[in-house]
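Those protein sequence lines, which keep their order, are chains C and G. Its first residue numbered 1378, the first sequence is counted upward by one per residue in the working numbering. Its first residue numbered 137, the second sequence is counted upward by one per residue in the working numbering. In what follows, a structure is listed as structure tokens, so that the remarks can point back to it.
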Amino acid sequence: MADKSSVGSEGVPFEVAIERGKIREFARATRSTHAAYMDGERPVAPPTFLTTQFFWEDGVEGANPWHLVKLDPQRGMHAEQEYVYFGPPPRAGAKLVARSRIESVYDKDGRRGGKLTFAVMVTEFRDASGTLVAEARLTGVETERPPEPAASKEAP
Amino acid sequence: MSPRWEDLRDGRAVPPPPLVVGPVTRTDFVRYQGASGDMNPIHHDELFARAAGYDAPLAVGMFQAGVLATWATNWLGPENVRRTKVRWREQVWPGDVLTCTGKVVRAFEENGEHKVDLELLCTKQTGGIAVHGWMTFVVP
């Protein structure tokens, strides 16, 4: 059951180092061989690369406030994800400082009946000068009932 | 060769052909999990997935989201991305074939820069929508 009192909770800041090898690995895993990811010493990070924030965040005590939302693991899933860049996306070599906060927890009526509970965590990424480089917005959803296993048939 | 601003603005720019990926495999999921750091066993551990009521490990949503973004960055350039948003619809399973494509829905100027908004779709061989996406690029 989602805990609405988690709204406003903020984690402690954590470092996110943008690394060349990690960019290459991520680009290939998402089926890209674009030269902007593969060539040069300081390739640009792919559009969804900042999902790797959790490599860093989960290693720092008190950095990730998401667990305070307490979405039920059986009925919770990732609903939406957004990344906004306030200039060009970061490049390898960048050392960012990130901080996550719970922005909102709210209910909505589902299309097939039943209540849906949404929770949003915002993470800000700043460079060494404190300038805002990017913002991640993670939306999780919890359904009133577990999802139907029948909807999970493996493709032929 | 990146499309010209005038062609994007006036609707003359022809998007590249869809990016077709698959049939996707458990190896694709595992490779993405290693790259991203999301090691949730439901995406690779057969026994764990069955215990959760599924017939097979399901894809990491961010995998198909990343592939969808690849279609767009191949066209308009990774350095030019300013926003990416995805909403997941249907789950993706081993054996699914993903088709990623999109179109320009708005061309505009903001703070002295030319920009385009794209709407993107990742569909499955069943016709079902796996991911609905929206991206913004600057056009240098």
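Glycine included, every Cβ here is placed at the ideal spot set by N, Cα and C.
Item, Value
"Using 8 Å as the threshold, is the region 202 to 215 of chain G in touch with the region 1396 to 1412 of chain C, meaning 3 or more CB pairs across them?", "yes"
"Please report whether the beta-carbon of Pro214 (chain G) lies at a distance below 8 Å from any beta-carbon of chain C.", "yes"
"Give the straight-line distance between the Cα atoms of Cys258 (chain G) and Leu155 (chain G), rounded to the nearest whole angstrom.", "9 Å"
"Need the endpoints of the beta strand (DSSP E) that Glu1457 (chain C) sits in, please.", "Gly1453 to Tyr1462"
"Is Lys1472 (chain C) near the ligand FMN, judged by its Cβ being under 7 Å from some heavy atom?", "In the structure on display, the ligand FMN does not appear, and there are no ligands present to speak of."
"Does any CB atom of chain G fall closer than 8 Å to the CB of Tyr1462 (chain C)?", "yes"
"Are Arg1408 (chain C) and Val157 (chain G) touching if we call contact CB-CB under 8 Å?", "yes"
"Near Pro1526 (chain C), what residues of its chain come up, given a Cβ to Cβ distance below 6 Å and the 5 sequence neighbours on each side ignored?", "Residue placement at Pro1526 (chain C) cannot be trusted, given a pLDDT of 48 that sits under 50; what the coordinates show is reported in the next sentence. Taken in chain order, the list of residues that qualify is empty."
"With H, G and I counted as helix, E and B as strand and the rest as coil, what does DSSP make of Val203 (chain G)?", "helix"
"Considering Cα atoms alone, identify which of C:Ser1383, C:Arg1419 and C:Ile1395 is closest to Leu1473 (chain C).", "C:Ile1395"
"Can you grab the Cα-Cα spacing for the pair Val1437 (chain C) / Gly1507 (chain C), in whole Å?", "20 Å"
"Under 8 Å between the Cβ atoms of Val233 (chain G) and Gln261 (chain G)?", "yes"
"Find the residues of chain C that neighbour Ala171 (chain G), judging by a C-beta separation of less than 7 Å, and give them in chain order.", "Glu1402, Phe1403 and Ala1406"
"For Arg1522 (chain C) and His179 (chain G), what's the separation of their Cα atoms in angstroms?", "21 Å"
"Name, please, each residue of chain D whose Cβ falls closer than 8 Å to the Cβ of Glu1459 (chain C).", "Of the chains in the structure shown, none is chain D; the protein chains are C and G."
"Considering only the beta carbon of each residue, do Thr1428 (chain C) and Met198 (chain G) sit closer than 8 Å?", "yes"
"When the Cα atoms are used, what is the spatial distance from Ala1505 (chain C) to Ala1475 (chain C)?", "11 Å"
"What in chain C is Cβ-close to Asn210 (chain G), meaning under 8 Å?", "Ser1409 and His1411"
"Below 8 Å on the Cβ atoms is my guess for Ala1422 (chain C) versus Pro1450 (chain C); work out the distance and round it to an integer in Å.", "29 Å between Cβ atoms; not a contact."
"Beta carbon of Gln1590 (chain C), beta carbon of Ala1513 (chain C): below 8 Å?", "No answer is possible for residue 1590 (chain C): the residues shown for chain C start at 1378 and end at 1533."
"By DSSP, does Leu182 (chain G) sit in helix, in strand, or in coil?", "Per the sequence shown, the amino acid found at residue 182 (chain G) is Glu instead of Leu. Helix, per DSSP."
"Does the region 198 to 210 of chain G touch the region 166 to 184 of chain G, meaning 3 or more C-beta pairs lie closer than 8 Å?", "yes"
"Can you give the Cα-Cα distance for Trp1433 (chain C) and Val1393 (chain C), rounded to whole angstroms?", "6 Å"
"Helix, strand or coil: how does DSSP classify Leu1445 (chain C) here?", "helix"
"Output the boundary residues of the alpha helix (DSSP H) element that contains Gly1398 (chain C).", "Arg1397 to Ala1406"
"Roughly how many angstroms lie between the CA atoms of Val166 (chain G) and Gly1439 (chain C), to the nearest whole one?", "28 Å"
"Short of 7 Å in beta carbon distance, which residues of its chain neighbour Glu1374 (chain C), apart from the five on each side in sequence? Order them along the chain.", "Because chain C here runs from 1378 to 1533, residue 1374 (chain C) falls outside it and cannot be looked at."
"Name the chain G residues whose beta carbon is nearer than 9 Å to that of Phe1432 (chain C)?", "Ser172 and Gly173"
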